[in-house]
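Colleague:
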Amino acid sequence: MSINILVVDDSKTVRAVIEKTLLLSGIEIGNIFHAGNGKEALEVLKNNWIDLLLTDINMPVMNGVELINEMSQDELLKTIPIAIVSTEGSQTRVEELKSKGVKAYLRKPFTPESLKNLIIELLGVSENE
Amino acid sequence: MNEMDKELIKKVLTDVAQEFAFMFADLLSDQQKTQPPYIKAEMSFSGLYTGKAIIVSPDSLCKAMINNVLGIDEGSTDIEVEPKDALCEFLNIFCGNFLTSLAGTEPIFELQPPISGEIKEEEWEKIREDTNYLVLSLDEYPICISVKYQKN
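One line per chain: the protein sequences are A and B, in this order. Here the first sequence stands for residues 1 to 129, where the numbers follow the working numbering. Here the second sequence stands for residues 1 to 152, where the numbers follow the working numbering.
1. Mind checking ASP26(B): buried by the 16 CB within 10 Å criterion, or exposed?
2. Rounded to the nearest angstrom, how far is the Cβ of ILE93(B) from that of PHE20(B), given a contact under 8 Å?
3. Residues of chain B with CB closer than 7 Å to the CB of ASP10(A), please, in chain order.
4. Three-state secondary structure (DSSP) at GLY64(A)?
5. Beta carbon of ASN152(B), beta carbon of LEU48(B): below 8 Å?
6. By how many angstroms is the C-alpha of LYS148(B) removed from the C-alpha of MET59(A)?
7. In angstroms, rounded to a whole number, what distance separates the CA positions of SER76(B) and PRO37(B)?
8. Sort LEU54(A), ASN47(A) and GLU40(A) by Cα distance to LYS116(A) and report the nearest one.
9. Which residues of chain E have a Cβ atom closer than 9 Å to the Cβ of ALA16(A), listed in chain order?
10. Distance cutoff 8 Å, beta carbons only. Does LYS103(A) sit that close to anything in chain B?
11. Which parts of the region 19-94 of chain A are runs of the alpha helix (DSSP H), unbroken and 4 residues or longer, counting only runs that do not cross its ends?
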């Protein structure tokens with residue numbers, strides 16, 4: 001089964017790094033969607049089936065916390081696994097976000113291996129041989 | 001900028017440069033010459049400490065950073081190169097890691113998204129001489145960094 005992933009980050013560099021890591025990971029990826037902030041992410045979510053959402057926190061227009069709050073109020077969107085990929089270093093905030101349904105947290109800078117492992121663990125998928 | 005801050009900034013910048021961009025930080029030699037354009041990125045933060053972090057570098061460093069991060073050869077057109085974007089993200093990661101090193105993992109900080117712009121060569125030269133900035137090199141490219149903060 002191939003998975004659709006939405007990457008939400010205001011940095012194109014980070015989105016490109018994540019996309020490249022995903023494509024090289026050996027995991028069967030369907031589509032990788034991009035959004036530059038929470039508002040754009042909600043638009044993508046409205047129109048596409050997403051299996052996993054990777055989001056930054058610190059973004060203009062609508063940040064990651066606001067996006068997670070919006071998703072938690074929607075019956076369908078709140079079922080999508082969310083992982084934070086951020087420079088956020090506060091364990092207090094990470095625990096807060098986990099209480100709102102966030103499944104995993106990866107701190108920047110991250111290694112490609114750590115991102116791959118996070119996805120495998122979250123979705124229970126395996127690498128292609 | 002006091003010596004303790006300089007040491008902390010240097011340590012965090014060195015770690016982030018290695019992990020994010022596979023670049024090595026060192027002291028800048030006077031002989032290192034650069035060409036414009038120059039990019040300045042800045043971001044503010046608030047919480048237990050309130051302040052601002054600024055990074056300034058030639059755009060050639062930003063391009064080298066993108067090439068390292070994405071693993072592409074210089075001049076490749078496969079992926080759009082956005083020098084300002086790379087420097088902003090580098091600053092964003094630096095800032096988050098600096099605040100954790102300074103205040104630990106308990107306090108929550110609000111970080112404003114970085115903003116960036118091109119600066120003139122005269123301003124670059126002034127910044128290089130400004131004692132409020134720590135001037136280092138990343139893989140032979142100069143980089144100037146300043147963090148000003150106060151405890152609330």
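Note that the Cβ used here is the ideal one computed from N, Cα and C, for glycine as well.
Modeller: To lay it out plainly:
1. exposed
2. 6 Å
3. PRO113
4. helix
5. yes
6. 22 Å
7. Confidence in SER76(B) is poor, its pLDDT being 47 and thus under 50, which makes the residue's placement unreliable; the coordinate value appears in the next sentence. So the alpha carbons of these two residues sit roughly 20 Å apart.
8. LEU54(A)
9. In the structure shown, chain E cannot be found, because the protein chains are A and B.
10. no
11. 38-47 and 64-72
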